[in-house]
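Q: Sharing a structure below in structure tokens format, with a few things to ask.
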Amino acid sequence: MLIFKRPKPGQGKQRLAADIGLDSACQLAEHFLSCALADLRDWPGPVVLSPAMDEDCEWAGQLLPEAEVVVQSDGNLGHRILALDHDLRNRGHRSLIYIGSDAPMLKPIHFQTVAEALHQQSVVVCPATDGGVTIMASRSPWPETLEQLPWSTDQLGQALLDSCQQAGLSTGSVLSSYDIDQQPDLIRLRQDLRDDSRAERRQLLALIEQLQTHEINAVKSDNEKQNNPVLT
1 MLIFKRPKPG QGKQRLAADI GLDSACQLAE HFLSCALADL RDWPGPVVLS PAMDEDCEWA
61 GQLLPEAEVV VQSDGNLGHR ILALDHDLRN RGHRSLIYIG SDAPMLKPIH FQTVAEALHQ
121 QSVVVCPATD GGVTIMASRS PWPETLEQLP WSTDQLGQAL LDSCQQAGLS TGSVLSSYDI
181 DQQPDLIRLR QDLRDDSRAE RRQLLALIEQ LQTHEINAVK SDNEKQNNPV LT
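Under this note's numbering, think of the first position of the sequence shown as 1, with each following residue one higher.
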């Protein structure tokens, strides 16, 4: 299950946009989504795309024609996941793995390890280094307390596990990871992608290097302007 927003300037990735600008953040979001879609194409089981807006459902269906498309509801992320989870389980799905589109460092080993761990635990997450999660998976319905969790904070990961344990669900954490929220994350991602041969990741790496080169040149230009005398 991929939960995502259609990449548009000013929609999503606000902290990243504050660092590098709206257009650059949108370009990156498009490539992040391409990476996530590539991961879904390689997944051996059923795939569901969940765009944020109803008007984006037709567009989403063209991204991966073999996938189901289920639009997100209103409310915070916890409420939306609960609604999606209820809908999909009513359709017969049982073990559900949720990802976003902002963790292009994820590799097949992450998905394989989560799927294997679900045979032993009711809930499995890939913890993110910022305290959140990049993958959350469950073979049981999520507890209703999901919508009360501190989403988009460094408390989320532990709060999610605590909430599930309090609901009587067994939990597990596998393979540390990270998502892309701010410019320093791009520096780390650039390093990690250098040895990644996947086509979409190579294209993302090229974009990151292009944007960083542009930024360096812009800084040089500003410095030169400041150092040159003003002609009046």
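Heads up, the beta-carbon is just placed ideally off N, CA and C, and yes, glycines get one too. Bear in mind the structure is a predicted one, so any value in this text is a computation, not a measurement.
Would ALA29 and GLY12 qualify as a contact pair, given that the criterion is a beta-carbon distance under 9 Å?
A: Contact: yes.
Q: Below 6 Å CB to CB, which residues in the same chain sit around ALA60 once its five sequence neighbours on both sides are set aside?
A: Excluding positions up to five away in sequence, the list reads LEU49, PRO51 and VAL69.
Q: For the beta strand (DSSP E) that contains LEU118, what are its first and last residues?
A: Premise fails: LEU118 is in no beta strand (DSSP E) and is neither H nor E.
Q: Does the separation of the CB atoms of ILE135 and TYR98 fall below 9 Å?
A: Contact: yes.
Q: The beta strand (DSSP E) with GLY157 in it runs from where to where?
A: Unbroken run through GLY157 is the alpha helix (DSSP H), 156 to 166; no beta strand (DSSP E).
Q: Measure from the alpha carbon of GLU147 to the alpha carbon of each residue in LEU16, PHE4, GLU66 and ASN76, then state which is nearest.
A: Nearest option by C-alpha distance: ASN76.
Q: With distances taken Cα to Cα, identify the nearest neighbour of ALA206 among GLN27, ALA18 and MET1.
A: The shortest Cα separation from ALA206 among GLN27, ALA18 and MET1 belongs to GLN27.
Q: Which value, in whole angstroms, describes the spacing of the CA atoms of PRO143 and ARG15?
A: C-alpha separation (whole angstroms): 30 Å.
Q: GLN11 by DSSP, collapsed to three states: which one?
A: Residue state, collapsed to three classes: strand.
Q: In the DSSP assignment, the alpha helix (DSSP H) including LEU63 goes from what residue to what residue?
A: Its alpha helix (DSSP H) spans residues 57 to 63.
Q: Cα separation between LEU186 and GLU209?
A: One C-alpha to the other measures close to 10 Å.
Q: At 4 residues or longer, what runs of the alpha helix (DSSP H) sit wholly inside the segment 65 to 112?
A: Within the segment 65 to 112, the complete alpha helix (DSSP H) runs of at least 4 residues are 77 to 90.
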